Amino acid sequence: MDSDEIVVTNTLFNNLSDPVFVCNLNYGKTLSNFIEANQTACIKLGYTKEELLSQNLLSLTNPIFENKLVSIINKLLLEGQYIFDVELITGKDKNISLEMNAVLVDVSGRQTIIMTGREITGRLKVEEKLKRATEQLRNLAIRIQNIREEERTGIARELHDELGQVLTVLKIQIILLLKKFQGENKELKDKADLIAAMIDNAVDSVQRITSKLRPNILDEVGLVAAIEWQVSEFSKNTGLTFNYIHEKDALTLDYEKSTAIFRILQEALTNIARHANASRVKIELREFKDNLILEITDNGKGITQNQINDPRSLGILGMKERALIFGGNVIIKSSMESGTTVIVEIPI
3 MDSDEIVVTN TLFNNLSDPV FVCNLNYGKT LSNFIEANQT ACIKLGYTKE ELLSQNLLSL
63 TNPIFENKLV SIINKLLLEG QYIFDVELIT GKDKNISLEM NAVLVDVSGR QTIIMTGREI
123 TGRLKVEEKL KRATEQLRNL AIRIQNIREE ERTGIARELH DELGQVLTVL KIQIILLLKK
183 FQGENKELKD KADLIAAMID NAVDSVQRIT SKLRPNILDE VGLVAAIEWQ VSEFSKNTGL
243 TFNYIHEKDA LTLDYEKSTA IFRILQEALT NIARHANASR VKIELREFKD NLILEITDNG
303 KGITQNQIND PRSLGILGMK ERALIFGGNV IIKSSMESGT TVIVEIPI
């Protein structure tokens, strides 16, 4: 390369808008001091060129970066190129975040690393704000769900305590009337029997409604047994055949997540009863890689992808929203031949 080419190359190098750093890779998989850096690197970091060339990548970073650097070097040796994020300390004792594109090349028999950086400090700040906002929204969603459950619990309690008590008193009064007029008036007895039967139906309705609003069994025996109870109730009411598989008799799961999974199960079973034309349902509850997995499979007629994605499918949207609150997911797989599978994943 003649002198003119060197001048052109140096001019291009120093006028690149992104900082560029060059260093050698030592035999012990350590980095040498920078052997070259362009003018943009000096300006961005606030060092003179002499100051910058007296340092290396590790000396400009937090000590905890050393462990990450080992992995970066191994990736470079394996692939020849690697992109990573790094936070560098500037000459003004401020930090600057760069996305580094590192390339390993051979220069006169030495392994040399050329790193081109792109500042991402602003992007990371936006991402951090977005992360905080997402967390706040998640906490708000959890709070809203808790309020809903508390309202349901309150309504269920009032129905049970007040309406249930009134119905019980009415039933007792009817029984007393029947005893008092026993054998005297058959028409009156028949009407009293009818009223007693209607009261029994009303009591059953109150129990069914309160159970839907807030199943006490979820609080009393936990999620595993509550699902077993729900399966039994659905089997009685719909005639569906269930196969419930679970690895453990009890799970360590907080109130909010247990309620979310139970509500998702109820919605899935309701959809099966209403739309699937199924005869068998398999439910599996298991733990996998710090996630709780609930899998519900029916042998019904299936559901189309358009129906799954339809914004008017409020039941499906509700299931997905409940899981999403906790960083989970609901996946629905379906075919006309094999029915539908709903897979719920929620971090434990």
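Counting in the working numbering, the sequence shown runs from 3 upward without gaps. No residue lacks a Cβ here, since even glycine has one placed at the ideal position from N, Cα and C. Treat the numbers as computed from the prediction; the structure is a model and nothing was measured.
Which class does residue 57 belong to by DSSP, given the choice of helix, strand or coil? coil
Taking all protein chains shown into account, decide if residue 333 is buried (16 or more other Cβ within 10 angstroms of its Cβ) or exposed. By the neighbour-count rule (16 or more Cβ atoms within 10 Å), residue 333 is not buried but exposed.
Tell me which residues share the same chain as residue 294 and place their Cβ nearer than 6 Å to its Cβ, disregarding the 5 neighbours each side in the sequence. Cβ contact annotation for residue 294 (same chain, cutoff 6 Å, sequence separation greater than five): 348 and 350, in chain order.
Just curious, the beta strand (DSSP E) that residue 263 is in, first and last residue? Here residue 263 belongs to no beta strand (DSSP E); instead the alpha helix (DSSP H) covers 257-273.
CB contact flag (residue 88, residue 79, <8 Å): no
Please classify residue 190: is it buried, with 16 or more other beta-carbons within 10 angstroms of its beta-carbon, or exposed? exposed
Kindly confirm or deny that the segment 302-311 and the segment 334-346 touch, where touching means at least three C-beta pairs closer than 8 Å. yes
Out of 36, 129 and 81, state which residue places its alpha-carbon closest to the alpha-carbon of residue 116. 36
Between which two residues does the beta strand (DSSP E) containing residue 39 stretch? Residue range 33-39 is occupied by the beta strand (DSSP E) that includes residue 39.
Could you name each continuous beta strand (DSSP E) segment of 3 residues or more that falls completely within the segment 320-350, going from the start of the chain to the end? The qualifying runs are 331-337 and 341-349.
For residue 161, collect the residues of the same chain with a Cβ closer than 7 Å to its Cβ; drop the 5 residues on either side in sequence, then sort them by chain order. 208, 211 and 212
Report back the beta-carbon spacing between residue 55 and residue 43 to the nearest angstrom; my notes put them in contact at under 8 Å. In fact, because the Cβ distance is near 10 Å, the residues do not count as touching under 8 Å.
Does the beta-carbon distance from residue 267 to residue 219 come in below 8 Å? no
Which of helix, strand or coil DSSP assigns to residue 52: helix
Around the C-beta of residue 13, are 16 or more other C-beta atoms found within 10 angstroms, so that it is buried, or is it exposed? That one is exposed.
For residue 246, the residue or residues it bridges with in DSSP: Answer is 285, bridged to residue 246.
Buried or exposed: residue 21, going by 16 or more other Cβ atoms within 10 Å of its Cβ? buried
Would you mind sorting residue 111 into buried or exposed? The rule is 16 or more other CB atoms within 10 Å of its CB. Burial is judged here by how many other beta carbons sit within 10 angstroms of a residue's own beta carbon; residue 111 has fewer than 16 and is exposed.
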